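Before any comments, here is the structure.
Residue numbers (this note's numbering): 5 to 404.
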């Protein structure tokens, strides 16, 4: 019997996609990523494995040196966290029509509160969700349904893509063979349970709650309750990171910093004039590009948040002057995130804005004559020293 909330039965659905980042990368670059690969996350002093081709003898969080010792010839790919998050939340939007309460625990794992679906049987519900899987391309979605988050999670672990599992009423037998590896507890507690010979949830149910609490504290109560199928943890609605993305492609790869900075300037102007920014400052910029050799990424954090594209451009240029690109850039994408309210600052009362005002008046006149948003261009020096006239100057879109 499902628990009651206000006299109504409650069900939870777990949406599980193991190795989510791997599947997203494979779908994005299907013709390229045919051999096993590791997705690598960069930290200030080391690299770790974020995800990998299923079946490889590595673990998430493993240092790259240890992983390469096991599989020295494996391909490495830089993690594209923002793209994974965007793909994940777009996928979860499918369920937003189905429930207003969705918790994203991590990439590839989410909980859907089915409180509003009390008039629908669990069987009909799982059938409905299975049909939604057709919208997710080739993602191997596992669906589990239960009376609480943990039961739904274990059910999802046992499910197959297209074949949802519903946790039965006899939760003791259902959970008994489950490995303790699927308990949401600290690595230290996992190790201690194994040292005590408690390898499954069934092993834990042989002991009363007192000794578990005495040994593990508050985690001991959680361990004991989950092993018995009791989970009072609420579903916390997901918070989506607000981002602004602008991208351009190049007719031929570019590898000269001056040219790259012109592209950066154009994209920054688009971002800072985007209606979504609403006058807020930008605290983080991610630059991404496909090169002739591999994908290149650069993360830049601003302290404090930047309110104008000109300041951002100067900071980015200083960073890129020391950057070693793996090859010519075939395209460039800038993602602005961590949007925040502008910091207060005092401006001069006597700044000369006459030229800007005149330019604005001219643009308004053109809008009257040519319609809204006329195509305006400006000439910029790119490679003034070049022997090829076409490479000395370039036309770029003008953003006032």
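From the three backbone atoms N, C-alpha and C, an ideal C-beta is built for every residue, glycine too.
As the structure is a computational prediction, the values presented were derived from the model and not from experiment.
Quick one: give me the first and last residue of the alpha helix (DSSP H) that residue i is part of.
i, result
"residue 254", "Element bounds for residue 254: not the alpha helix (DSSP H) but the beta strand (DSSP E), 248-258."
"residue 68", "68-74"
"residue 405", "In the structure as shown, the chain begins at 5 and stops at 404. Residue 405 is therefore absent and cannot be evaluated."
"residue 319", "313-325"
"residue 207", "205-208"
Taking the continuous beta strand (DSSP E) assigned at residue i, which residues delimit it?
i, result
"residue 303", "299-310"
"residue 338", "333-344"
"residue 115", "113-117"
"residue 147", "146-150"
"residue 43", "41-46"
"residue 184", "Here residue 184 belongs to no beta strand (DSSP E), and DSSP marks it neither H nor E."
"residue 167", "First-last for residue 167: undefined, no H or E at that position."
"residue 328", "Run containing residue 328: none; DSSP gives neither H nor E here."
"residue 108", "106-110"
Tell me whether residue i is buried or exposed, calling it buried when 16 or more other Cβ atoms sit within 10 Å of its Cβ.
i, result
"residue 178", "buried"
"residue 24", "buried"
"residue 151", "buried"
"residue 182", "buried"
"residue 310", "buried"
"residue 285", "buried"
"residue 353", "Unreliable positioning characterises residue 353 in this predicted model, as indicated by a pLDDT of 45, which lies under 50. The coordinate reading is nonetheless provided below. Answer is exposed; the Cβ neighbour count stays below 16."
"residue 224", "buried"
"residue 112", "buried"
"residue 73", "exposed"
"residue 408", "Missing from the structure shown is residue 408; the chain here goes from 5 to 404 and no further."
"residue 116", "buried"
"residue 108", "buried"
"residue 28", "buried"
"residue 198", "exposed"
"residue 260", "exposed"
"residue 392", "exposed"
"residue 168", "buried"
"residue 245", "exposed"
"residue 326", "exposed"
"residue 235", "buried"
"residue 432", "An answer regarding residue 432 cannot be provided, because it is not within the stretch 5 to 404 covered by the chain."
"residue 83", "buried"
"residue 255", "exposed"
"residue 1", "Because residue 1 is not part of the residues shown, which for the chain are 5 to 404, the question remains open."
"residue 153", "buried"
"residue 175", "buried"
"residue 292", "buried"
"residue 230", "buried"
"residue 91", "buried"
"residue 380", "exposed"
"residue 388", "exposed"
"residue 101", "exposed"
"residue 2", "The question about residue 2 has no answer, for the chain in this structure spans 5 to 404."
Tell me, to the nearest whole angstrom, how far the beta carbon of residue i is from that of residue j; I am working on the premise that it is less than 8 Å.
i, j, result
"residue 156", "residue 149", "6 Å"
"residue 343", "residue 281", "6 Å"
"residue 289", "residue 338", "6 Å"
"residue 332", "residue 258", "6 Å"
"residue 20", "residue 160", "4 Å"
"residue 52", "residue 45", "5 Å"
"residue 226", "residue 189", "7 Å"
"residue 196", "residue 118", "Actually they are not in contact, since the Cβ atoms of residue 196 and residue 118 sit about 35 Å apart, beyond 8 Å."
Under a three-way DSSP split, which group does residue i fall into?
i, result
"residue 91", "helix"
"residue 294", "strand"
"residue 28", "helix"
"residue 193", "helix"
"residue 100", "helix"
"residue 399", "strand"
"residue 200", "coil"
"residue 394", "helix"
"residue 77", "coil"
"residue 178", "helix"
"residue 385", "strand"
"residue 21", "coil"
"residue 15", "coil"
"residue 60", "coil"
"residue 153", "helix"
If we cut at 8 Å on Cβ distances, does residue i have a partner in chain D?
i, result
"residue 67", "No chain D is part of this structure, which consists of one protein chain only."
TODO: Report the residue ranges of all alpha helix (DSSP H) runs contained in full by the stretch 213-290; include only those spanning at least 4 residues, in chain order.
DONE: 213-220, 222-231, 261-276
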